[in-house]
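Comments concern the structure below.
Residue numbers (my numbering): 16 to 633.
Next comes the structure, spelled out in structure tokens:
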């Protein structure tokens, strides 16, 4: 597999003169359970890699080693490595036995950097993180039995992230009879205590774990879901997922929603929940589950460029990004032409390219568009300042009562600009998905708008108006978070047009979008925004208190229908604190707690009496 030791001739002699015993100790450190048959081949491959990393060509990779909490990490770009390294035995091993090949590389880098260090020291360990391995890229639907124990790369969206937990990979046990200490390794996280004592005169099978000798590492599980491109979309099928295991420096490198490229080794387990040696009903079954033992993970969140890179050379930054965030001359030509051709109409063109199958909902799509472009991250590298995120969070919910929106929003200036004109836009063609993603990626990578004084005054005036009308105890809390949200939205609006400054029109558009998101709290019966109306936490408590009293009254009087005068009387008796009792009752009717049965008569649907009557009728 790795080639024959005699093939390297003179290079092997060099390593013997350098200290064969030291290299053997390092190999044994990274291969604690190595067999006699495989030791010579592993030592041979490690020697070849030591020779490469000791050369001038290999030194460029050694210089990239960085320390992270006692671990030494080498992020290795496979495409660059392949251009300068001619150790064909390594590439053959990477195809057949990737785990051994990567451990050999770890040992080789260890030997080059720490020639005189004791490999048994826990504080010294090398982890090579191989990335940009394009030959191993595979779709999730193709992950099948043929790829078990092979190195693959998959791309997808993180949909689940577990907490970081310690995983014990080694621990010593003491014989209960003679006291002999036996050290056991736990490969793949499987707890495997010794079965019998190694002493000839003992042969005891009872052991006590020495917990102080446990050697834990950080462990985390994530689940990624395939990216469904429109050109490869399969109708009516649930997206495929795969479980991935992260260890040591790889933990906490992503959150749900991130698009990641994961390189790892395909492993199988009898029951995925059985990891750690626990008993399982499926322990004796022959059905296995695939999971990914991660070697490296690349997060596409590099779109959010750190502050210290925002004003560096664009070509240098472009090399930092892969896949979506690297731009060819054709990509740049498209972005320039698209921006010049549509000018101030870019926002509308992009907005209608998002979910083109859904007609209308322009302001909702506007919010989604701004969330995709995002704001500017600030103070991310300054330890003396509080970091300010640039990502915009958005949640789309169905409105239970859109009468006010219908009355007022139609005539909004932003809505009028964004809505398609049936005559002028009859031949409108949405921007294709790949081009839309390129445009957004370019804006997030290279455009960092600055706030102007006129725009800041508009945002400040709107924010102060919100605060002035929310000083009561019953008001919705308005804090600096809302101001930060306005700034992020304004930055995103300027990014859409690839502008470096935020204009007054950007600020006005953002204010209108923010007003739309506040309609549930502040719209009145005429469809106009009234900041004197609010439905904060205290009003929710009043609703619960009122319904509780109404339910008790229903049980006492053995009825579930009440007139509006009875409701007024009950509200006075319990001291209900709401601005308008009629609006309060209408809201309870809208959400389904009360049912209007006739003129000024309401039925309580949540009372026990009402439920008992409905069960009898059935």
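In this text, a Cβ means the ideal position worked out from N, Cα and C, and glycines have one as well. What you are looking at is a predicted structure, and each value in this text was computed from that prediction instead of being measured.
What's the gap between the Cα of residue 359 and the Cα of residue 473? About 20 angstroms.
Beta carbon of residue 528 nearer than 7 angstroms to that of residue 381: Yes, the pair counts as a contact, with Cβ atoms nearer than the cut-off.
According to DSSP, simplified to helix, strand and coil, what is residue 382? Helix, per DSSP.
So, for residue 445: in the same chain, excluding its five sequence neighbours on each side, which residues have a beta-carbon less than 7 angstroms away from its beta-carbon? So the qualifying residues of the chain are 367, 368, 371.
Residue 74 versus residue 225: straight-line alpha-carbon distance, rounded: About 42 angstroms.
Coarse secondary structure for residue 186, derived from DSSP in three states: Reduced to three states, the DSSP call for residue 186 is strand.
Counted within 10 angstroms of its Cβ, other Cβ atoms place residue 142 as buried (16 or more) or exposed: Note on residue 142: 16 or more other CB atoms within 10 angstroms of its CB, so buried under the neighbour-count rule.
C-alpha distance - residue 524 paired with residue 531, whole-angstrom precision: Computed Cα separation, rounded: 11 angstroms.
Considering residue 73, what are the terminal residues of the alpha helix (DSSP H) in which it resides? The continuous alpha helix (DSSP H) containing residue 73 extends over residues 71 to 77.
Beta-carbon within less than 7 angstroms of residue 120's beta-carbon, same chain only, minus the 5 sequence neighbours each way: which residues are those? Around residue 120, the same chain offers 64, 143 as residues with beta carbons nearer than 7 angstroms, after the five sequence neighbours per side are excluded.
Can you tell me the Cα-Cα spacing of residue 593 and residue 262, whole angstroms? Rounded to whole angstroms, residue 593 to residue 262 spans 54 angstroms at the Cα level.
Where residue 235 falls: helix, strand or coil (DSSP): For residue 235, the three-state secondary structure derived from DSSP is strand.
So the beta strand (DSSP E) residue 143 belongs to, where does it begin and stop? That run of the beta strand (DSSP E) goes 141 to 146.
On a CA-only basis, which of 392, 100, 197 is nearest residue 213? Give me that one, please. Closest by alpha carbon: 197.
With respect to the beta strand (DSSP E) encompassing residue 90, which residues constitute its N-terminal and C-terminal limits? Its beta strand (DSSP E) spans residues 86 to 92.
Helix, strand or coil for residue 619? Go by DSSP, reduced to three states. Residue 619: strand per DSSP, three-state reduction.
Cα separation between residue 460 and residue 148? Rounded to the nearest angstrom, the two C-alpha atoms are 24 angstroms apart.
Look at the alpha carbon of residue 635 and the alpha carbon of residue 598, and state the distance between them as a whole number of angstroms. A query on residue 635 cannot be resolved here, the shown segment of the chain reaching from 16 to 633 and no further.
Could you pull the start and end residues of the alpha helix (DSSP H) that residue 362 belongs to? Segment 361 to 366, the alpha helix (DSSP H) holding residue 362.
Going by alpha carbons, who is nearest to residue 276 out of 220, 301, 237? The shortest C-alpha to C-alpha distance from residue 276 to any of 220, 301, 237 is the one to 237.
Between residue 405 and chain B, is any beta-carbon pair separated by less than 7 angstroms? Here there is only one protein chain, and chain B is not present.
In chain order, what residues of the same chain have a beta carbon less than 7 angstroms from the beta carbon of residue 41, not counting five sequence neighbours either side? Here the set comprises 122, 125, 126, 134.
Pick helix, strand or coil for residue 108, following the three-state DSSP scheme. Per DSSP, reduced to three states, the secondary structure at residue 108 is helical.
Please determine, among 179, 171, 177, 206, the residue with the shortest C-alpha to C-alpha distance to residue 187. Nearest to residue 187 by alpha-carbon distance, out of 179, 171, 177, 206, is 206.
DSSP three-state label for residue 258, please. In the structure shown, residue 258 falls within a strand segment according to DSSP collapsed to helix, strand and coil.
Can you tell me whether residue 230 is helix, strand or coil according to DSSP? Residue 230 falls in the strand class under three-state DSSP.
Suppose contacts are defined by Cβ-Cβ distances below 7 angstroms. Is residue 589 in contact with residue 564 by that definition? If you check the CB distance, residue 589 and residue 564 come in under 7 angstroms.
Would residue 315 and residue 278 qualify as a contact pair, given that the criterion is a beta-carbon distance under 7 angstroms? Not a contact, by the Cβ cut-off of 7 angstroms.
Straight-line gap, residue 283 to residue 140 (C-alpha atoms, nearest Å): Cα-Cα distance, rounded: 27 angstroms.
Give the C-beta separation of residue 507 and residue 607 to the nearest angstrom, bearing in mind that I take them to be a contact with Cβ-Cβ under 8 angstroms. Contact flag wrong, Cβ pair sits at about 36 angstroms.
What does the Cβ neighbour count give for residue 355, buried or exposed, with the cut at 16 atoms within 10 Å? By the neighbour-count rule (16 or more Cβ atoms within 10 Å), residue 355 is not buried but exposed.
Coarse secondary structure for residue 240, derived from DSSP in three states: Here residue 240 sits in strand by DSSP.
Ignore the nearest five residues each way along the sequence and tell me which others in residue 57's own chain have a CB closer than 7 angstroms to its CB. The residues 42, 46, 49, 115, 119, in chain order, have a CB closer than 7 angstroms to that of residue 57 in the same chain once the five nearest residues on each side in sequence are set aside.
For residue 571 and residue 533, I'd like the C-alpha separation in whole angstroms. Roughly 40 angstroms between the two C-alpha positions.
Alpha carbon to alpha carbon, how far is residue 498 from residue 401? Give it in angstroms, no decimals. Those two C-alpha atoms are separated by around 16 angstroms.
Collapsed DSSP secondary structure at residue 372 in the structure displayed: Assignment of residue 372 by DSSP, reduced to helix, strand and coil, places it in the coil class.
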